[in-house]
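Chains as they are written, first to last, in the numbering used here: chain F, 27 to 378; chain W, 27 to 378; chain L, 27 to 378; chain Y, 27 to 378.
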């Protein structure tokens with residue numbers, strides 16, 4: 027048995043960071059991860075269990091999940107090999123050049139390094155301090171959709187962990203697009219619905235219980251930041267895909283209903299084969315055989331992305347349904363899956 | 027002041043029937059409605075307040091909302107002019123010929139008389155006992171989408187009250203289709219999400235709290251019974267419209283997200299004018315000016331249908347959002363609105 | 027018909043203030059109320075319908091619910107007779123002396139004037155600028171539990187509108203305590219559960235959807251600010267009543283389960299008579315006959331307080347269940363009811 | 027490593043049975059459990075993953091969780107040592123004599139064998155076919171509250187797994203009662219709130235989403251079947267404990283708020299010691315240090331019972347808060363914990 031690998035997570039008090047901390051803490055290949063925050067005061071003497079009592083042990087005086095203030099020195103002294111960042115875009119964009127220069131491998135859960143095109147200034151609204159370095163690292167970053175970039179992940183120094191919506195949409199569409207089955211002239215519609223944890227832990231008017239409960243709302247129509255990574259990964263032009271996210275009155279889970287038209291009338295079996303061929307050997311993609319369709323309950327709190335479809339009697343109009351847990355396959359779970367692939371481990375380790 | 031009009035409702039113990047009973051009971055033009063059920067036992071000595079305690083009065087011994095067993099004699103002796111049926115399709119189909127022959131006007135909340143084409147056998151799975159009469163009445167029935175069939179409703183003997191999903195979809199699409207703005211070759215997508223009361227009061231696995239809460243599911247893809255009335259009313263071919271309903275973890279409310287492509291690049295103002303022109307003077311359609319969009323909370327427990335939209339930067343891809351309360355504008359509220367139009371009253375009476 | 031009465035509400039953007047604005051706007055005795063906020067900027071050109079789109083009219087350009095900045099001059103120029111304050115405790119405490127000196131009658135929805143004992147400094151944590159005046163007004167203030175202080179309300183200049191929890195608890199206990207039926211040595215337990223709107227509109231960690239959904243929590247055990255007014259109104263010593271509030275994952279509604287022991291073995295009928303005698307002629311208290319018990323759904327969005335009970339076989343242990351809507355009978359609805367009593371109108375006006 | 031132990035579960039399609047099946051399937055000491063139902067048809071060719079798709083594997087044709095019809099022969103041929111029954115009371119009562127006579131050890135999740143007093147006929151409403159045998163087995167059955175009956179469980183042939191409410195209440199009260207701290211003359215109040223899965227998977231009016239959502243209701247006041255086991259285990263007289271369960275609008279989780287009065291004024295530290303002493307070494311009881319209190323979210327989907335308290339300033343009135351997951355520590359999780367103790371394994375095996 028090799029010695030355990032040292033990891034660190036920055037941003038463990040947010041929803042995705044906490045989920046990641048839980049997963050890493052029980053991963054069989056790892057030493058207990060460093061649980062870091064960017065706030066010095068918060069980390070002084072706190073334990074993550076004080077913020078999330080669900081992880082407190084039964085006999086409760088030990089600090090089993092100590093929070094630490096982030097520092098490069100601490101990473102070095104602990105021999106950290108892999109750094110997870112669950113931090114705002116600007117922070118990830120600013121810190122990662124240094125992390126890489128120190129020889130760390132990085133999985134970044136923010137959107138800072140997901141886009142290949144130099145558009146993040148316009149999308150995310152901040153500027154790089156060192157544009158040439160940023161451009162170089164953009165070229166090196168591997169988009170961490172585990173199933174589709176498996177081989178590149180093995181060598182990756184920097185993994186840009188995908189957004190939750192993009193994961194649900196790209197996994198559903200990639201097999202069909204790669205097989206050339208879709209009539210792109212007709213346009214693709216992605217109607218996605220997400221639980222509230224996707225909006226983050228910061229209390230806002232949008233996440234107030236009274237505003238969310240008994241409600242459903244569409245938001246950021248034609249303007250969601252995730253649109254860019256979907257288009258890039260699927261190699262689509264902006265006018266070929268319409269993506270509308272909605273806020274569901276549930277804590278977690280995403281369901282994307284995706285509408286495409288096929289070039290030629292097709293039969294169910296052909297589509298089923300297309301999906302099975304694409305995801306053969308993938309532990310975390312489940313293909314539902316019609317007439318069964320995924321529901322949010324089936325994949326919530328797992329790392330699965332569930333895919334199903336219904337084909338119209340005309341054999342051309344196709345409705346895809348894709349479900350996942352936005353904090354697992356849509357964030358922390360996929361980050362762990364990517365780590366497994368980066369280190370040559372079974373992709374299911376620590377995720378079963 | 028004319029003498030109050032006598033009405034009766036059959037099926038008041040269901041969700042839509044109860045909502046209707048509440049509305050009629052406080053309508054200023056009406057005598058207290060007869061509250062009828064098809065079950066003799068249930069009606070023997072019961073009061074509707076025993077089933078729905080929310081309507082019980084403060085000093086509680088009087089039977090203020092007495093339930094009665096349905097009979098034609100009782101309708102006659104009470105001088106009923108207008109009969110509301112909130113009954114299963116088969117019952118409505120079977121009873122309405124007799125009701126009309128007795129000179130009653132009828133608003134039917136079931137789907138029994140909504141379709142013009144002789145397809146209800148295949149859609150609803152039962153046969154008429156007297157096909158020629160049924161065919162004749164089908165021709166007379168007015169589809170009760172109040173805003174679009176205002177003048178025909180004034181003379182109607184039989185009003186087929188629309189389904190909840192169709193109301194939300196037809197009101198959103200009709201102005202654009204009438205103006206010829208939509209590129210039908212690209213197809214229209216209607217992604218609708220409904221609260222659970224739309225599934226009825228009967229307990230089933232589908233309506234069990236544990237199956238619905240923390241969940242979202244698509245159902246009846248390409249196979250929902252409401253599809254036919256949407257196609258007929260909008261004069262679309264089946265392959266031009268894809269309708270997918272979803273079950274939301276909330277008690278009531280519908281949000282339909284509708285995707286169309288326009289023939290020509292268009293500007294927001296033109297679309298806004300199109301909607302305002304179509305619904306000028308309509309008290310229950312609210313047009314939202316972009317970037318505002320309807321949400322379920324805004325229209326729940328009202329008779330409004332709220333319409334909003336976002337136009338893509340390309341001026342061609344258009345996302346419409348339509349919200350209503352499935353028991354109000356989607357059922358009982360629209361039934362009252364239709365009654366108002368049938369009798370020449372202000373459409374808002376009893377609904378403000 | 028007398029000319030309509032002029033009223034104003036300060037704090038209409040909060041949940042209780044908005045509910046109050048809606049009620050006053052449709053009250054048959056009133057002119058359109060002044061809708062005021064303490065923020066100048068917010069009020070500059072806004073309409074309340076921009077914050078709460080549910081009240082927008084169908085043809086939407088008119089400012090039907092214009093927001094105004096608060097000023098004493100505006101109250102005077104509008105001829106306001108009755109001022110409603112839905113403001114923080116400190117604001118109500120500071121403003122009301124001036125309001126009364128200007129001859130206004132006031133209904134205060136905050137807790138500022140509810141307590142007779144000079145304890146509000148310790149309970150609410152601020153000091154009066156003019157203690158003698160504050161003491162004098164404290165003596166004049168009428169605790170606005172409509173059913174119990176009906177006659178005093180008719181003459182009141184200053185009404186301290188009760189808290190939501192106290193209303194549910196006092197109405198349940200007062201009849202039994204007045205009749206001397208309760209064994210106070212055994213202690214009274216009030217286990218109350220409230221929807222989230224009771225915590226206010228300000229987004230906080232406590233009101234974040236993800237923290238509330240799928241959860242239940244007790245809070246402020248032995249330390250809730252409402253305890254004092256319950257004790258004072260029921261004339262109980264602190265050790266005689268234990269009150270524990272809980273936060274429910276619903277937007278609105280309160281259910282209080284109250285446990286008392288009776289001095290003597292008693293029968294159901296005697297208790298029922300006690301309640302009916304106490305609330306005879308009260309339009310907004312509904313007594314449930316056992317074995318029926320109130321549920322939150324029955325009274326939500328009404329001004330009712332629903333009371334029910336179950337007596338143990340031993341005839342001594344008694345469980346009371348009291349339900350109301352925290353924004354209606356627990357706040358805005360009771361404020362309107364109190365206004366009706368202050369002006370000699372039917373207590374149901376504008377609330378049916 | 028010893029060979030894996032063979033187990034079987036009857037009733038795996040219900041909520042508790044399914045949870046148990048999941049736990050057993052990943053327990054390191056066990057062979058794959060037999061997943062049994064009492065319905066022949068259902069079991070013919072089905073897989074549990076067809077009913078609960080959340081457990082389907084990624085490459086989905088294998089029957090990994092095959093359902094079987096129950097038969098004694100099958101238990102024998104599979105060498106089953108331990109039988110779990112998640113069946114109705116009558117079935118458990120009828121089958122268990124035969125199971126024991128065949129040498130099987132049994133954990134019964136129903137209430138059939140929990141009561142020592144011969145009262146189950148009156149409580150559960152059915153009669154034994156062989157009263158003397160039933161009486162003998164009643165004497166042998168061990169009440170499976172793991173923490174309190176640890177030593178007796180090691181030898182038990184028949185374990186009566188406790189109810190969910192009783193587990194939350196008994197664990198909170200036992201330390202204080204054993205230490206003689208409670209003034210029983212004042213009475214104990216247990217106000218419990220449970221998620222809907224506790225009501226079972228059968229769709230009923232009570233579990234319909236529309237009846238539960240946005241609601242809270244008390245039920246079975248002074249009449250809940252769980253009262254008897256609480257009284258017996260805590261050795262209380264009926265008039266000393268008042269237990270009122272409530273139905274929460276969440277899928278799972280229980281919070282019990284328990285009110286006691288202490289004989290003598292006491293300090294927080296003494297109470298904390300009392301709890302820590304009682305549950306020293308117990309892996310699944312977490313004691314919260316004031317002012318922290320358990321919430322449902324902290325223990326849901328775990329096998330923990332979380333205990334906390336607040337002591338009044340008078341040092342005598344004490345509020346206890348006890349939380350657990352009704353399907354885990356309240357049913358299936360405790361059943362596994364009991365199995366671990368019956369076989370001499372670490373109580374945490376398969377539950378961490």
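Beta carbons: idealized from backbone N, C-alpha and C, even for Gly.
Delimiting residues of the alpha helix (DSSP H) encompassing residue i
i, result
"residue 303 of chain L", "294-304"
"residue 326 of chain F", "Here residue 326 of chain F belongs to no alpha helix (DSSP H), and DSSP marks it neither H nor E."
"residue 198 of chain F", "190-204"
"residue 46 of chain W", "41-51"
"residue 313 of chain F", "First-last for residue 313 of chain F: 311-313, but that is the beta strand (DSSP E), not the alpha helix (DSSP H)."
Proximity of residue i and residue j at Cβ, strictly below 9 Å
i, j, result
"residue 124 of chain L", "residue 210 of chain L", "no"
"residue 279 of chain F", "residue 242 of chain W", "yes"
"residue 139 of chain F", "residue 184 of chain F", "yes"
"residue 221 of chain L", "residue 352 of chain L", "yes"
"residue 91 of chain Y", "residue 74 of chain Y", "yes"
"residue 63 of chain L", "residue 108 of chain L", "no"
"residue 182 of chain L", "residue 368 of chain L", "yes"
"residue 269 of chain W", "residue 253 of chain W", "yes"
"residue 356 of chain Y", "residue 190 of chain Y", "yes"
"residue 84 of chain F", "residue 362 of chain Y", "no"
"residue 30 of chain L", "residue 56 of chain L", "yes"
"residue 365 of chain F", "residue 133 of chain F", "yes"
Contacts of residue i in chain W (Cβ-Cβ under 7 Å)
i, result
"residue 241 of chain F", "321, 322, 323"
"residue 311 of chain L", "84"
Terminal residues of the beta strand (DSSP E) in which residue i lies
i, result
"residue 287 of chain W", "280-287"
"residue 131 of chain W", "131-134"
"residue 219 of chain L", "214-220"
"residue 21 of chain W", "This structure leaves residue 21 of chain W out entirely; chain W is present only between 27 and 378."
Proximal residues of chain L, C-beta to C-beta of residue i below 9 Å
i, result
"residue 275 of chain W", "Residues of chain L passing the Cβ test: none, with the nearest at roughly 10 Å."
"residue 185 of chain Y", "Going along chain L, no residue has its Cβ under 9 Å from residue 185 of chain Y, so there is no contact; the nearest lies around 30 Å."
"residue 326 of chain Y", "240, 241"
Residue i: contacting residues in chain B (beta-carbon distance under 8 Å)
i, result
"residue 265 of chain Y", "Of the chains in the structure shown, none is chain B; the protein chains are F, W, L and Y."
Residues that residue i contacts on chain F, provided the C-beta gap is smaller than 7 Å
i, result
"residue 58 of chain Y", "Residues of chain F passing the Cβ test: none, with the nearest at roughly 15 Å."
Chain L residues whose Cβ lies nearer than 8 Å to that of residue i
i, result
"residue 283 of chain Y", "217, 244, 270, 272"
Where residue i meets chain Y, residues with beta-carbon distance less than 7 Å
i, result
"residue 36 of chain L", "Correct list: empty, because the minimum Cβ distance to chain Y is about 30 Å."
Chain-ordered chain Y contacts of residue i [CB-CB under 8 Å]
i, result
"residue 362 of chain L", "The contacting residues do not exist; residue 362 of chain L stays about 23 Å from chain Y at best."
Proximal chain L residues relative to residue i, where beta-carbon distance stays under 7 Å
i, result
"residue 347 of chain Y", "244"
Just by C-beta distance, which residues in the segment 208-239 of chain W are closer than 9 Å to chain Y? 221, 222, 223, 225, 227, 228, 229, 230, 231, 232, 233, 234, 235, 236, 237, 238, 239
Touch test, the segment 325-344 of chain Y against the segment 93-112 of chain Y, Cβ-Cβ under 8 Å, three pairs minimum: No, they do not touch.
Listed from N- to C-terminal order along the chain, which residues in the segment 286-320 of chain W have their beta-carbon within a distance smaller than 9 Å of any beta-carbon of chain L? Using a CB distance below 9 Å, the part of the segment 286-320 of chain W facing chain L consists of 302, 305, 306, 307, 308, 309, 310, 311, 312, 313, 314, 315, 318, 320, ordered along the chain.
If contact means a Cβ-Cβ distance below 7 Å, which residues of the segment 74-108 of chain L contact chain W? 79, 80, 82, 84, 86
Given a limit of 9 Å on CB to CB distance, which residues of the segment 245-270 of chain W reach chain F? 245, 247, 248, 249, 264, 265, 268, 270
Three or more C-beta pairs closer than 8 Å, one from the segment 305-320 of chain W and one from the segment 149-163 of chain W: is that the case here? no
Check whether the segment 287-301 of chain Y touches the segment 199-210 of chain Y, taking contact to mean three or more Cβ pairs, one atom from each stretch, closer than 8 Å. Yes, they touch.
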